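Engineer:
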Amino acid sequence: MKNESSNPQGKKTLTGKPSLSSSSASTRASTLLSKYSKVLPLTRIYMSLCCLLTFLSLLLGEEMSQGLFAYTKESFPFQPWRYVTAASFLGPPSIQSLMSVYYLYEYGSTLEKTFGTSDFLAFLLSQVFLLSTLAGIFMTPFFANSVVTAMLHVLSRQLPHQNVKWLIFTVPYWTLPYGLLLSDVLQTQSPASATPHVMGILTGHVFYFFNTVWPKFGGKNWLEAPDFVKRKFDEDGIDRKEKRVKRKRGRGKVLGGS
1 MKNESSNPQG
11 KKTLTGKPSL
21 SSSSASTRAS
31 TLLSKYSKVL
41 PLTRIYMSLC
51 CLLTFLSLLL
61 GEEMSQGLFA
71 YTKESFPFQP
81 WRYVTAASFL
91 GPPSIQSLMS
101 VYYLYEYGST
111 LEKTFGTSDF
121 LAFLLSQVFL
131 LSTLAGIFMT
141 PFFANSVVTA
151 MLHVLSRQLP
161 HQNVKWLIFT
171 VPYWTLPYGL
181 LLSDVLQTQS
191 PASATPHVMG
201 ILTGHVFYFF
211 NTVWPKFGGK
221 NWLEAPDFVK
231 RKFDEDGIDR
241 KEKRVKRKRG
251 RGKVLGGS
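Under full-length UniProt numbering, think of the first position of the sequence shown as 1, with each following residue one higher.
1. Along the chain, where does the alpha helix (DSSP H) containing tryptophan 81 start, and where does it finish?
2. Going by other Cβ atoms of all chains shown within 10 Å of its Cβ, with 16 needed for buried, is leucine 58 buried or exposed?
3. CB lysine 112 to CB leucine 186, shorter than 8 Å?
4. For threonine 72, which of helix, strand or coil comes out of DSSP?
5. Should glutamine 162 be labelled buried (16 or more other beta-carbon atoms within 10 Å of its own) or exposed?
6. Using only alpha-carbon positions, find the residue among Phe55, Tyr36, Asp184 that is nearest to glutamate 106.
7. Using DSSP with H/G/I as helix, E/B as strand and the rest coil, what is arginine 249?
8. Since threonine 170 is in the beta strand (DSSP E), which residue starts that stretch and which ends it?
9. In this structure, how does DSSP classify lysine 165 when only helix, strand and coil are distinguished?
10. Measuring only the C-alpha atoms, how far is valine 39 from histidine 205?
11. Here's the rule: buried if 16 or more other CB atoms are within 10 angstroms of the residue's CB, otherwise exposed. What is alanine 87?
12. Would DSSP call phenylalanine 217 helix, strand or coil?
13. Expressed to the nearest angstrom, what Euclidean distance is found between the alpha-carbon atoms of serine 109 and lysine 73?
14. Spatial neighbours of leucine 164 within its chain, please: CB distance less than 6 Å, with the 5 preceding and 5 following residues excluded, ordered by chain position.
15. Quick check on leucine 175: does DSSP put it in helix, strand or coil?
16. If you run the structure through DSSP and keep just helix, strand and coil, what is glutamine 96?
17. If you follow the alpha helix (DSSP H) that proline 196 is in, where does it begin and where does it stop?
18. Could you give the distance in angstroms between the alpha-carbon of leucine 121 and the alpha-carbon of arginine 231?
19. Just how far apart, CA to CA, sit serine 24 and leucine 49?
20. Glutamate 106 by DSSP, collapsed to three states: which one?
21. Check whether the stretch 152 to 162 touches the stretch 80 to 100, taking contact to mean three or more Cβ pairs, one atom from each stretch, closer than 8 Å.
22. Would you kindly work out how many angstroms separate the C-alpha atoms of alanine 150 and threonine 140, rounded to a whole number?
23. Excluding the 5 residues preceding and the 5 following leucine 180 in the sequence, name in chain order all residues of the same chain whose CB lies nearer than 7 Å to its CB.
24. How many angstroms separate the CA atom of tryptophan 214 from the CA atom of arginine 157?
25. Following the continuous alpha helix (DSSP H) through leucine 159, name the residue where it begins and the one where it ends.
What follows is the structure, encoded as structure tokens:
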């Protein structure tokens, strides 16, 4: 008669289900690490910082973490780290913060892939600057969720009428930021929950306007990363810029004209 205790695969829990062996746990961990390593670099750094601050909030407590991480009037020039922490702190561990990390992974990766790492860096820096300005107006100490909404808004404006899945609904892409706003308001039962999303939609639209709309009318993209940053982070960043310049110069020519 075989001894089941010698076979780890034969062990069962009190519910009768097979127990999770150490080998399968390590396999899942390695799979998770493999997926994490494949996330584009800037999105991975930003996600890691958000998760780190959430973990620190567990150690420090909610009151102390908010006191250390929040954006205040003293952030410039005496406490510059608050610009980073206010843009990265998604709050204490909760379903909402977990979903925000997922949205950050989903939309951040897509945005970085679409625009390139250098322009994604320009996007993040522009959002920190714009949102820190709005934070003083709306009295909002944190704006990480606003950054996530801004990412989604910029992406939704690229293909506004494309149908996408959201929860169990099929909706036009441009409605997703407003759907995210509505779901948070319904979940918290507080209209104040709309404020971070409104801020993100506003600042995201500023980036979209200068990055996409204004250049179509011959204007300069003031929020584009400099060439030396593109050379460092994006191998094809300069090529994309040159193609955009050629397309802009080619507009308005009559077919067959000189």
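Quick reminder that beta carbons are idealized off the backbone N, C-alpha and C, glycines included. Please read all numbers here as calculations on a predicted model, not as lab measurements.
Structural biologist: With the structure as the only source:
1. 81 to 86
2. exposed
3. The question names lysine, but residue 112 is glutamate in the sequence shown. No. Outside cutoff.
4. coil
5. exposed
6. Tyr36
7. Confidence in arginine 249 is poor, its pLDDT being 49 and thus under 50, which makes the residue's placement unreliable; the coordinate value appears in the next sentence. Correct three-state label for arginine 249: helix.
8. 169 to 172
9. strand
10. 25 Å
11. buried
12. coil
13. 32 Å
14. For clarity, residue 164 is valine in the given sequence; the question names leucine instead. Within the same chain, valine 164 has close Cβ partners Tyr173.
15. It is worth fixing the name first, because residue 175 is threonine in this sequence and not leucine. In this structure, threonine 175 counts as helix in the three-state DSSP scheme.
16. helix
17. 195 to 208
18. 13 Å
19. 28 Å
20. helix
21. no
22. 16 Å
23. Thr149, Leu152, His197
24. 14 Å
25. No alpha helix (DSSP H) contains leucine 159, which DSSP labels as neither H nor E.
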